[in-house]
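Asks:
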Amino acid sequence: MTDVSDGVLHTLFRSDQGGHEQVVLCQDRATGLKAVIALHSTALGPALGGTRFYPYASEEEAVADALNLARGMSYKNAMAGLDHGGGKAVIIGDPEQIKSEELLLAYGRFVASLGGRYVTACDVGTYVADMDVVARECRWTTGRSPENGGAGDSSVLTSYGVYQGMRAAAQHLWGDPSLRDRKVGVAGVGKVGHHLVEHLRAEGAEVVITDVREDAVRRLLDRHPEGVSAVADTEALIRTEGLDIYAPCALGGALDDDTVPVLTAKVVCGAANNQLAHPGVEKDLADRGILYAPDYVVNAGGVIQVADELRGFDFDRCKAKASKIFDTTLAIFARAKEDGIPPAAAADRIAEQRMAEARPVR
Numbered sequence: 013m014t015d016v017s018d019g020v021l022h023t024l025f026r027s028d029q030g031g032h033e034q035v036v037l038c039q040d041r042a043t044g045l046k047a048v049i050a051l052h053s054t055a056l057g058p059a060l061g062g063t064r065f066y067p068y069a070s071e072e073e074a075v076a077d078a079l080n081l082a083r084g085m086s087y088k089n090a091m092a093g094l095d096h097g098g099g100k101a102v103i104i105g106d107p108e109q110i111k112s113e114e115l116l117l118a119y120g121r122f123v124a125s126l127g128g129r130y131v132t133a134c135d136v137g138t139y140v141a142d143m144d145v146v147a148r149e150c151r152w153t154t155g156r157s158p159e160n161g162g163a164g165d166s167s168v169l170t171s172y173g174v175y176q177g178m179r180a181a182a183q184h185l186w187g188d189p190s191l192r193d194r195k196v197g198v199a200g201v202g203k204v205g206h207h208l209v210e211h212l213r214a215e216g217a218e219v220v221i222t223d224v225r226e227d228a229v230r231r232l233l234d235r236h237p238e239g240v241s242a243v244a245d246t247e248a249l250i251r252t253e254g255l256d257i258y259a260p261c262a263l264g265g266a267l268d269d270d271t272v273p274v275l276t277a278k279v280v281c282g283a284a285n286n287q288l289a290h291p292g293v294e295k296d297l298a299d300r301g302i303l304y305a306p307d308y309v310v311n312a313g314g315v316i317q318v319a320d321e322l323r324g325f326d327f328d329r330c331k332a333k334a335s336k337i338f339d340t341t342l343a344i345f346a347r348a349k350e351d352g353i354p355p356a357a358a359a360d361r362i363a364e365q366r367m368a369e370a371r372p373v374r
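Under the numbering used here, the letters of the sequence shown match residues 13 to 374, in that order.
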């Protein structure tokens, strides 16, 4: 067995990052499907998490990613107040090369075989149209199109939740939730980021943006000739003078040993997943006096939306639940101050407490 496999098994069975209930390896030779479904916890209810379709370098890397993502979903769902545990699935391969209707149907049959222990949705490499196909074989599928009883694009409520997290950070740090005249840097203005900019401009914030796609930047500059400006890249954005809030809304690992020392913002609150590049970064932020709003707390609007599909989607009901991200974020800041720990650690403690209290007495 390779060292990588040893690492995966250690994570699954023996490390603090493990504790997963079930990992399912799926293969359908006829369609080329190779997938991993990881269930971290069903203490709060059926595991809920998206399906990632990605050309992993190895099967071991895919398993490791599924384990990490599933664990993260347990914490996200717990903090969002959902009656769902955490799970994640990954399909191995380049979706541009191997994705097909037959492959998605085969994947749907594997999810269905779990009998409702795992509810799937969209993630990197999968889209609403894909979930419509999966749903033909599996009723435990969310993130579907409105035409098929789903909620469609979840980026609207994801951005709204991040906006509420920003308001909570402003309340905690400056005593006022208003973002008017605050200077906010948004890195990544795609699906979620551009909606976030709209919320910020509606409240009168000054916004500085960057994105690797020039068309995404130009769209917002044309729409907001006043109040929105752009810089060349993220390196320039984090060094922008007078920045109040930094919002990483693109790739994970945005906060690392190189970024934190030069960050000018007093608050970090963004939509990207896994913003902390490694353990210890949260303490580095706290040592610099930078308030960090845990990513899996503030970006939970999307999972709140897809979870609601199981009840019959109602946008107003979802938005009301996403609004509570403001209160949840404030509670995390208060717990962090009380316990003398960074907000990321406080969020973990609260999530772990909810999951532990939900476990049946044996």
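C-beta: ideal position from N, C-alpha, C; glycine also.
This structure is a prediction, so every number in the text was calculated from the model and none was measured.
Measuring alpha carbon to alpha carbon, tell me which of L185, N311 and V201 ends up nearest I257.
Replies: In the sequence shown, the residue the question calls residue 257 occupies position 245. It is L185 whose Cα lies nearest to the Cα of I257.
Asks: Does DSSP classify L126 as helix, strand or coil?
Replies: Taking the sequence shown and counting its residues from 1, the one referred to as residue 126 is at position 114. Coil, per DSSP.
Asks: Take the Cβ of E364 as the centre, count every other Cβ of all protein chains shown within 10 Å, and call the residue buried at 16 or more, exposed below.
Replies: For this step, residue 364 is matched to residue 352 along the sequence shown. Exposed, since its Cβ has fewer than 16 Cβ neighbours within 10 Å.
Asks: Check whether the region 259–268 and the region 279–286 touch, using three or more Cβ-Cβ pairs below 8 Å as the test.
Replies: A contact exists between the region 259–268 and the region 279–286.
Asks: Can the beta-carbon of V318 be found closer than 8 Å to that of A82?
Replies: As a first step, residue 318 is located in the sequence shown; it is residue number 306 there, counting from the start. As a first step, residue 82 is located in the sequence shown; it is residue number 70 there, counting from the start. No, Cβ-Cβ distance for V318 and A82 is not below 8 Å.
Asks: With distances taken between CB atoms, is the gap from H96 to A147 smaller than 8 Å?
Replies: What you label residue 96 is simply residue 84 of the sequence shown in a count that begins at 1. What you label residue 147 is simply residue 135 of the sequence shown in a count that begins at 1. It is not a contact, given that the beta carbons lie outside the stated cut-off.
Asks: Look up S53 in the DSSP assignment and give the residues it is bridged to.
Replies: Numbered from 1 along the sequence shown, position 41 holds the residue referred to as residue 53. DSSP output for S53 lists G98 as bridge partner(s).
Asks: Our contact map puts L191 next to A182 with C-beta atoms below 8 Å; I'd like the distance itself, whole angstroms only.
Replies: Translated into positions along the sequence shown, residue 191 becomes position 179. Translated into positions along the sequence shown, residue 182 becomes position 170. Right, the Cβ-Cβ distance comes to about 6 Å (below 8 Å), so this counts as a contact.
Asks: If you reduce the DSSP assignment to three classes, tell me which class R374 lands in.
Replies: Walking along the sequence shown from the start, residue 374 turns up at place 362. With a pLDDT of 40 at R374, under the threshold of 50, the modelled position of that residue is not reliable, and no figure is offered here.
Asks: If G128 and T153 are in contact, beta carbons under 8 Å, what's the gap, nearest whole angstrom?
Replies: Within the sequence shown, numbered from 1, the residue matching residue 128 stands at position 116. Within the sequence shown, numbered from 1, the residue matching residue 153 stands at position 141. Not really, about 11 Å apart at Cβ, beyond 8 Å.
Asks: Under 8 Å, Cβ to Cβ, is there at least one residue of chain C near A199?
Replies: Among the protein chains of the structure shown there is no chain C, as only one such chain exists.
Asks: Let's test the definition: count the other Cβ atoms within 10 Å of the Cβ of E369 and tell me whether it reaches 16, buried, or not, exposed.
Replies: The residue given as residue 369 occupies position 357 in the sequence shown. So E369 counts as exposed.
Asks: Would you kindly check if the distance between the Cβ of Q109 and the Cβ of I337 is under 8 Å?
Replies: Start at 1 with the first residue of the sequence shown, and residue 337 comes out as number 325. Start at 1 with the first residue of the sequence shown, and residue 109 comes out as number 97. No, Cβ-Cβ distance for I337 and Q109 is not below 8 Å.
Asks: Can you have a look at S70 and say buried or exposed, based on whether 16 or more other CB atoms are within 10 angstroms of its CB?
Replies: Counting from one through the sequence shown, the residue named residue 70 turns up at place 58. Answer is exposed; the Cβ neighbour count stays below 16.
Asks: Would you mind giving the Cβ-Cβ distance between G164 and V140, rounded to the nearest angstrom? I have them listed as a contact below 8 Å.
Replies: For the purposes of this step, residue 164 is taken as the residue at position 152 of the sequence shown. For the purposes of this step, residue 140 is taken as the residue at position 128 of the sequence shown. Yes, G164 and V140 are in contact; Cβ-Cβ is about 6 Å, under 8 Å.
Asks: The alpha helix (DSSP H) with Y308 in it runs from where to where?
Replies: Numbered from its first residue, the sequence shown carries residue 308 at position 296. Its alpha helix (DSSP H) spans residues D307 to V310.
Asks: Report buried or exposed for R41, applying the criterion of at least 16 other Cβ atoms within 10 angstroms of its Cβ.
Replies: Here residue 41 refers to the residue found at position 29 of the sequence shown. Looking at its Cβ environment, which holds fewer than 16 other Cβ atoms inside 10 Å, R41 is exposed.
Asks: Is DSSP giving V240 helix, strand or coil here?
Replies: Working through the sequence shown from its first residue, we reach residue 240 at position 228. The answer is strand: DSSP assigns V240 an E or B state.
Asks: Buried or exposed for L297, going by 16 or more other Cβ atoms inside 10 Å?
Replies: Your numbering for residue 297 matches position 285 in the sequence shown. That one is buried.
Asks: Opposite K195 in the DSSP bridges: which residues?
Replies: The residue given as residue 195 occupies position 183 in the sequence shown. Bridge partners of K195: E218.
Asks: Using the rule of at least 16 other Cβ atoms within 10 Å of the residue's Cβ for burial, across every protein chain shown, is K111 buried or exposed?
Replies: Walking along the sequence shown from the start, residue 111 turns up at place 99. Flag for K111 reads buried.
Asks: Given a cut-off of 8 Å on the beta-carbon distance, is the pair G200 and V219 in contact?
Replies: For the purposes of this step, residue 200 is taken as residue 188 along the sequence shown, with counting starting at 1. For the purposes of this step, residue 219 is taken as residue 207 along the sequence shown, with counting starting at 1. No, Cβ-Cβ distance for G200 and V219 is not below 8 Å.
Asks: Three or more beta-carbon pairs under 8 Å between the region 311–326 and the region 77–92, yes or no?
Replies: In short, these stretches touch, since the Cβ pair count reaches three.
Asks: By DSSP's criteria, R64 is part of a beta bridge. Which residues make up the other side?
Replies: For the purposes of this step, residue 64 is taken as residue 52 along the sequence shown, with counting starting at 1. Looking at the DSSP assignment, R64 forms a beta bridge with V102.
Asks: Measure how close the beta-carbons of D135 and R64 come, nearest whole angstrom, since I'm counting them as under 8 Å.
Replies: Residue 135 sits at position 123 when you count from the first residue of the sequence shown. Residue 64 sits at position 52 when you count from the first residue of the sequence shown. Correct: roughly 4 Å between the Cβ atoms.
Asks: Whole beta strand (DSSP E) runs in the region 150–205 with 3 or more residues, listed along the chain?
Replies: Counting only runs of 3 or more, we get 195–199.
Asks: Confirm, please, whether the CB-CB distance from C150 to A124 is below 8 Å.
Replies: By 1-based counting over the sequence shown, the position of residue 124 is 112. By 1-based counting over the sequence shown, the position of residue 150 is 138. Yes. Within cutoff.
Asks: Let me make sure I understand the geometry here. Which of A214, E215 and V209 has the alpha-carbon closest to that of I221?
Replies: Residue mapping note: residue 221 aligns to position 209 of the sequence shown, counting from 1. That would be V209, whose Cα lies nearest to the Cα of I221.
Asks: When we look at the beta-carbon of D339 and count the other beta-carbons within 10 Å, is it buried (16 or more) or exposed?
Replies: Along the sequence shown, read from residue 1 onward, the residue named residue 339 stands at position 327. Exposed, because fewer than 16 other Cβ atoms sit within 10 Å of the Cβ of D339.
Asks: Would you call the region 320–332 and the region 291–305 touching, i.e. three or more CB-CB distances under 8 Å?
Replies: Cβ pair count under 8 Å is below three, so no.
Asks: I'd like the span of the alpha helix (DSSP H) that includes K87, first residue to last.
Replies: Working through the sequence shown from its first residue, we reach residue 87 at position 75. The sequence shown places Tyr at residue 87, not Lys. First-last of the alpha helix (DSSP H) with Y87: E71 to M91.
Asks: Report the three-state DSSP secondary structure of Y119 (helix, strand or coil).
Replies: Here residue 119 refers to the residue found at position 107 of the sequence shown. In the structure shown, Y119 sits in a helix (DSSP, three-state: H, G or I).
Asks: At the level of alpha carbons, what is the spacing between V243 and P355?
Replies: For this step, residue 243 is matched to residue 231 along the sequence shown. For this step, residue 355 is matched to residue 343 along the sequence shown. For V243 and P355, the distance between alpha carbons rounds to 29 Å.
Asks: Can G197 and L232 be called in contact, C-beta distance under 8 Å?
Replies: Indexing the sequence shown from 1 puts residue 197 at position 185. Indexing the sequence shown from 1 puts residue 232 at position 220. Result no, Cβ atoms of G197 and L232 do not sit closer than 8 Å.
Asks: Going by beta carbon distance, what residues of the same chain come within less than 6 Å of A334, once the five residues before and after it are set aside?
Replies: By 1-based counting over the sequence shown, the position of residue 334 is 322. L169, Y172, G173, G313 and I316.
Asks: Consult DSSP for D135 and reduce its assignment to one of helix, strand or coil.
Replies: As a first step, residue 135 must be located in the sequence shown, where it is residue number 123. Coil.
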